[in-house]
Amino acid sequence: MTGQNRPTQNRPGHVGPVHIGQIACWQGVAAGLIAAIGRDPLVLLGAGLLATAVLAVTAVRVDGRWAYEWIGLAGRYSYRRRRWPATPDPAHGRSLDLANGRTAGTATGAGSGAEPGILAAVSPGARIGELDLDTSIAIGVVTHEAGLTAVLEVESTVDGSVTLPSPLALLPMAEAGESPITAQALIEVVPAPVDTTLGTDVEQSYRSLHPTPPPARRHGWIALQATRTADGAGTGGQELGTVLTSAIRRTRRRLEKAGFTTRVLDRDELADTLDELGADRPDPTNGAPPSGAMAEEWAHWRTPTCAQTTLAVVNWPDPSIGSAAFERLADAAGVPTVLALGIRRADQGVDVQAALRLTSATRHDVDRAVHEVRACAAATGLRLRRLDGEQAHGVAATLPLGGFLR
């Protein structure tokens, strides 16, 4: 592996895990204490109390975060919106046609053009639109603050199974002068119901290797995002659309050579996929949209029918080793799981963003799955962080929006 292909670890303004602002605070504390020596005892006492408070906030680290980071996180969580209707908003039931400048008519369901409720909740302002891939094919796209995203459904041509490719295999090479491209692979793993496998040869052979039921379904997608640049040059809707269609063609060729079949989702299929992956499904008895509300809680994301939680991988390992360890986390969970793996090029290598979202009927079941997943991660050398206080961001990171939305 050359250095340019390694995940970037250094963050601007940091020395290792420490922010330069923390170092400045510690220097200020030391200077204040030195200046207080030999003065009035009350001055020394005040300096000591101030130093204690500053050190408590800047030098104490809990679950991978500094105390001041937890304070900021709790403040943002307390003041932002955390509840949304599960039913799509009719006022948002219009989607942009980027190819022809048209606006699709208002619709009443996700499959007929309405914006999925999950999209408005986790990516405000995002809209589902349409783009011409060639003269005869119109594809669905999501336009949002970070850029423009299209989604490919993938399946293995060998045995029909879907596995995560190596992160580097996902990322198409950008042409000179093009907007940057990010690539995101997602796999939904749904365990088989116990009563359908219990006692079968498949169940017995699988359990000899795994403690959880065999998956009933593995469904995979690749989301490609043409990102907006900071200066905004060349990142209008038409320019992004041109870059995105070029990246789609290159990525499809690479995946087909690797043994995958691909199909680009149209607008209605994209809306349905967002609903499915957000667990924002219609009532199975009558097809009606889910009633009730979606809500972000400190440790969970709630929909009318289930509880979810998202964990992020901290410091993804060398991308050349592939994603087998990450995929094993879904097997350990024993509940429906979405794995999301995103990659983008950086100045000195690549950035990798990996997260998994666990879904079950109750918070208790989700928390039990979190325990199993963390045990599996510890055994495979992956470090996980539960996105407490950031569950809405976690849901966004595990939807096919292209990754790196913040």
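1 is the number of the first residue of the sequence shown in the UniProt record's numbering; add one for each residue after it.
In this text, a Cβ means the ideal position worked out from N, Cα and C, and glycines have one as well.
Computed from a prediction, not measured in an experiment: that's the story for all the values here.
- In this structure, the straight-line span from the alpha carbon of Thr380 to that of Ile343 is close to 21 Å.
- Pro400 sits in coil when the DSSP states are folded into three classes, being neither helix nor strand.
- Listed in chain order, the non-local C-beta contacts of Ser360 below 7 Å within the same chain comprise Cys306, Ala307, Val335, Val366, Ala369, local neighbours out to five positions each way being set aside.
- Sorting Ala183, Gly64, Leu358, Leu405 by C-alpha distance to the C-alpha of His300 places Leu358 at the top.
- According to the DSSP assignment, Ala340 belongs to the beta strand (DSSP E) that extends over 337-346.
- Here DSSP, grouped into helix, strand and coil, assigns Thr359 to strand.
- Taking Val314 as reference, the option from Arg65, Ala30, His144, Ala36 with the minimal CA-CA separation is Arg65.
- Gly349 carries a strand assignment under DSSP once its states are collapsed to helix, strand and coil.
- Between the segment 138-158 and the segment 261-273, the count of Cβ pairs shorter than 8 Å is three or higher; the stretches touch.
- At the C-beta level, Ala53 and Ala36 stay beyond 8 Å of one another.
- Straight across, the Cα-Cα distance linking Trp84 with Arg345 is about 34 Å.
- According to DSSP, Val141 shares a beta bridge with Gly129, Ala150.
- DSSP places Thr262 inside the beta strand (DSSP E), whose first and last residues are 260-264.
- For the pair Pro400 and Pro17, the Cα-to-Cα distance works out to about 30 Å.
- For the pair Thr163 and Thr227, the CB atoms are not nearer than the 8 Å cut-off.
- Excluding sequence positions up to five before and after Arg302, its CB lies within less than 7 Å of the CB of Met294, Ala295, all in the same chain and listed in chain order.
- The C-beta separation of Thr337 from Gly394 comes to about 13 Å, leaving the pair out of contact by the 8 Å criterion.
- With fewer than 16 neighbouring CB atoms inside 10 Å of its own CB, Ser78 falls in the exposed class.
- Straight-line measurement puts the Cα of Ile248 at about 10 Å from the Cα of Thr242.
- Just measuring C-alpha positions, the residue of Thr362, Ser323, Ala312 sitting nearest Gly389 is Ala312.
- Under the DSSP assignment, Val314 falls in the beta strand (DSSP E) whose first and last residues are 307-314.
- Distance from the CA atom of Trp26 to the CA atom of Glu145, rounded to whole angstroms, is 37 Å.
- Taking 8 Å as the cut-off, the beta carbon of Ala86 is found closer than this to the beta carbon of Gly117.
- A distance below 8 Å between beta-carbons, with the five flanking residues on each side excluded, links Gly32 to the following residues of its chain, in chain order: Ala47, Leu50, Ala51.
- Distance check between Gly402 and each of Ala333, Gln184, Arg250, Ser323 places Gln184 closest, using alpha-carbon atoms only.
- Per DSSP, Arg385 is not a residue of any alpha helix (DSSP H); the beta strand (DSSP E) it occupies stretches across 383-386.
- Trp26: member of the alpha helix (DSSP H) spanning 20-36, first to last residue.
- Here Pro317 carries a coil assignment [DSSP, helix/strand/coil].
- Between Asp272 and Gly278, the alpha-carbon positions lie close to 10 Å from each other.
- Judged by DSSP secondary structure, Trp84 falls within the beta strand (DSSP E) whose first and last residues are 83-85.
- Taken atom to atom, the span from the alpha-carbon of Gly349 to that of Leu131 is near 31 Å.
- Only residues of its own chain outside the window of five on either side were considered, and among them none has a CB closer than 8 Å to the CB of Arg81.
- Per DSSP, the beta-bridge partners of His219 are Glu188.
- Taking all protein chains in view, the Cβ of Ala74 is surrounded by fewer than 16 other Cβ atoms within 10 Å, so the residue is classified as exposed.
- Cβ-Cβ distances below 6 Å link Arg363 to His300, Ala307 in the same chain, with the five nearest sequence neighbours on each side left out; the list follows chain order.
- As DSSP reads the structure, Ala183 sits in a beta bridge with Leu224, Ile343.
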